[in-house]
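Note sheet for the following structure.
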Amino acid sequence: MEEKKFDIQSIIGFVLIGAILIFMLYKNQPTPEEIEAEKAKQEQVDASKASTENVVDTPQENVAMSPAQDSLAQSKMMASLGQFAYSSTLPSATDDVTTISNDVVELKISNKGGYITEARLKKFKTFDSIPVYLIKDGNNRFNLNLSTTDNRNLNTENMYFEPTLSKNGANQVLSMKLKVSANEYLEYRYELKPDDYMMDFGIKTVGLQNVVNATQPIHLDWELKGYRHAQSITYENRYSRLTYEYEDDKNAKLGQSGEDTEVEEHVDWLNFRQHFFSSILLTDTPFDEVKFSSKNLVEDEEIDTVFTKQYGADILLKPVNGELNYAMNMYYGPSDYQVLNSYEGRGLDKAMPLGWGIFGIINKYIIIPFFNILMQYLPAGIAIIFLTVCMKLLLSPVQYKQYLSQAKMKVLKPEINEISEKYKDNAMKKQQETMKVYSKAGASPLSGCIPAVLQIPVFYALFTFFPSAFSLRQKSFLWADDLSSYDIIAKLPFHIPFYGDHVSLFPILASIAIFIYMTMTTGQSMQQTQPGMPNMKFLMYLSPLMMLIFFNNYASGLSLYYFISNLITIGIMLVIKNYIIDDAKIHAKIQKNKEKPRKQNRFQKKMSEMMEQAEKQKK
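Numbers 0 to 618, taken from numbering that gives the first Met the number 0, label the letters of the sequence shown in order.
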């Protein structure tokens, strides 16, 4: 009983002791003011510790390029940069950036190197709805390599410029100065106009005659990796090229695949084109010499490549009286013919892949202006159809001549077969008699080829127009989400070489239309394939197959054009053959022509005489 009583008393004692301790802790807890004071004190201790750690962990090269107060750091900078060490003592010796922008483009320029580290086009998105960046995350390098009078070789990309942002009317002006002293410097000057992709850019030196060694070459190195923006990597890469103008009006471009280099003199502008977007450097004073380089970074469609091309331009700058003074322009914007052509006198229309010679002329003065008018009033797909209809109607007289010639040859075919059978052992005589029949009938095998040749310039001009038509970019039609890229009706679980991992419907429709057209036009030719001539039946199957395979990754707008074009051609053929051309009338007209005395021209007479002499010599 006594033991139980002791246990109860012990428990009561422990409870009382615990209650007393809790009461004392409650009474002695810190007030809110004391908690805040202790927190502020701890933050000061942490900040001091972090500052000490930063000083210890900073790499040696960053210390040399940052403002330093101790004499040792100053000595290191002087040894490395010479008189340009002054720039590293300024408050601007940081990696800060200055942003200038208008309604269409935003540019960020870094204090380090003084060049553009980010260029974003505000009105455009990539195929996967990401903003279009021409420059971002270190894909751009812009460096001036120069020698100093104290035998140093310096690169401006590693040095700090001092930014000054101001206004020139409505224009934004950013001056980036790499200083030797308060009044001696190298300056990059950027002036951005409202609502304009083209920006004024200048490089000049002030008071550096005794600092920069003008007897040594000064090189401006510009390198850029082109970002992928389109759905099809290989298709975008096919039209991504380094192009340039030299000697006032000559244009050239580097190779599309592999690696290519070229050295050119008197260069007026150079364009790092990324299919639908361009980064262009223009100069009022032609560059004496530029070494261009281009490297293809795309392996195949299966690899999700970030970049398409790596471009480079090593530009030789020439000082005048010991100073640099180049007035230039920079363009970061769309590869749109209308936009580029609006800069009169700069020749930027030649930066577009519109074809050479007559093909480019047809595009510039007929197809592009007409299509731009159509795009103002019609959806993109309907505009393509309307353009195709108009072009086919424009060429219908030429096609009529071609079909008329084919009809004449069809009527004369029995006579030609008789001659072939009669003179099957005498090729010379067979050829001579065949020419007589054609001459009397007023027909010629070549008369059907000439109209076809006349259509080739228009055909090729349209072939080069559609891949470069910026107005088709991201415009939808029927099942195609983007007429500047391929359409998809089925996604394949595997990749087929040359074909891809998807099925496009427009190339299938175009292939069917081409097959029907070739069946109608080559049916007669297949029956009489001459020795040494191509097998027309083989060609009839080859052309649609090529269209089906290779156009699966081409722009759906181009396949739409071929589909509509061949449908219209088939329709025109049916109308001409069934309602316009009458074989009986043609036959009667040929017989009437045979009765008329036909005077040979000098060439025909000469050919007849030569053939007769050859026949006599053979006998």
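Idealized CB from N, CA, C, for every residue including glycine. Source: prediction; values computed, not measured.
Counting along the chain, no beta strand (DSSP E) covers Met158, and no H or E run does either. By the neighbour-count criterion, in which a residue is buried when 16 or more other Cβ atoms sit within 10 angstroms of its Cβ, Val211 is buried.
The alpha-carbon of Asn320 is positioned some 52 Å away from that of Pro456. Distance from the CA atom of Gly225 to the CA atom of Pro378, rounded to whole angstroms, is 30 Å. If only complete runs of 4 or more residues are kept, the stretch 64-128 shows the alpha helix (DSSP H) at 70-80, in order along the chain. The Cβ atoms of Leu241 and Phe271 lie closer than 8 Å to each other. For Ala169, the three-state secondary structure derived from DSSP is coil. Taking C-alpha positions only, Leu280 is separated from Ile381 by approximately 37 Å. Following the DSSP letters along the chain, one finds Met198 in no alpha helix (DSSP H) but inside the beta strand (DSSP E) bounded by residues 197-205. Unbroken alpha helix (DSSP H) runs of no fewer than 4 residues, entirely contained in the stretch 441-511, are found at 445-467, following chain order. Under the three-pair Cβ rule at 8 Å, the stretch 484-501 counts as touching the stretch 548-567. Beta-bridge partners assigned by DSSP to Trp221: Phe141, Ala312. Assigned with DSSP and collapsed to three states, Phe275 falls in coil, not helix or strand. In this structure, Glu190 and Met197 do not form a Cβ contact; the two beta carbons are roughly 10 Å apart against a cut-off of 8 Å. Rounded to the nearest whole angstrom, the C-alpha separation of Gln431 and Gln230 is 59 Å. Separation of the CB atoms of Thr93 and Lys107 is rounded to 14 Å, and the pair is thereby denied contact status at 8 Å. Around the beta carbon of Ser470, 16 or more other beta carbons lie within 10 angstroms, which makes this residue buried. The Cβ-Cβ distance between Gln255 and Arg227 does not fall below 8 Å.
Beyond the five residues adjoining it in sequence on each side, Ala460 comes within less than 7 Å, by CB distance, of Gly354, Phe358, Ile361, Asn362, Ile366 in the same chain, given in chain order. At least 8 Å separates the beta-carbon of Leu323 from that of Lys176. Distance from the CA of Leu316 to the CA of Leu219, rounded to the nearest whole angstrom, comes to 7 Å. The beta carbon of Leu143 sits closer than 6 Å to the beta carbons of Thr155, Leu219 from its chain, once the five residues preceding and following it are set aside; these are given in chain order. The DSSP-derived three-state label of Tyr364 is helix. A straight-line Cα-Cα distance of about 11 Å links Tyr132 and Ser278. Assignment of beta-bridge partners to Ile134 by DSSP yields Ala118. One Cα belongs to Leu504, the other to Asp348, and the distance between them is close to 33 Å.
Per DSSP, the beta-bridge partners of Gly332 are Ser277.
Taking C-beta atoms as the reference points, Gln309 and Ile571 fail to come closer than 8 Å. Of the candidates Asn138, Gly137, Ala118, Ala118 places its Cα closest to the Cα of Pro130.
Shown here for Asp287: same chain residues with a beta carbon closer than 6 Å to its own, the five before and five after excluded, namely Leu315, Lys317 in chain order. Taking Lys249 as reference, the option from Leu541, Pro466, Gly257, Leu269 with the minimal CA-CA separation is Leu269. DSSP, reduced to helix, strand and coil, places Lys192 outside both helices and strands of the structure shown, so it counts as coil. Around the CB of Thr147, 16 or more other CB atoms lie within 10 Å, so the residue is classed as buried. For Asn250, the enclosing beta strand (DSSP E) stretches over residues 249-252.
For Leu557, the closest of Lys294, Phe476, Gln215 by C-alpha to C-alpha distance is Phe476. In the DSSP assignment, Leu559 falls within the alpha helix (DSSP H) that extends over 555-574.
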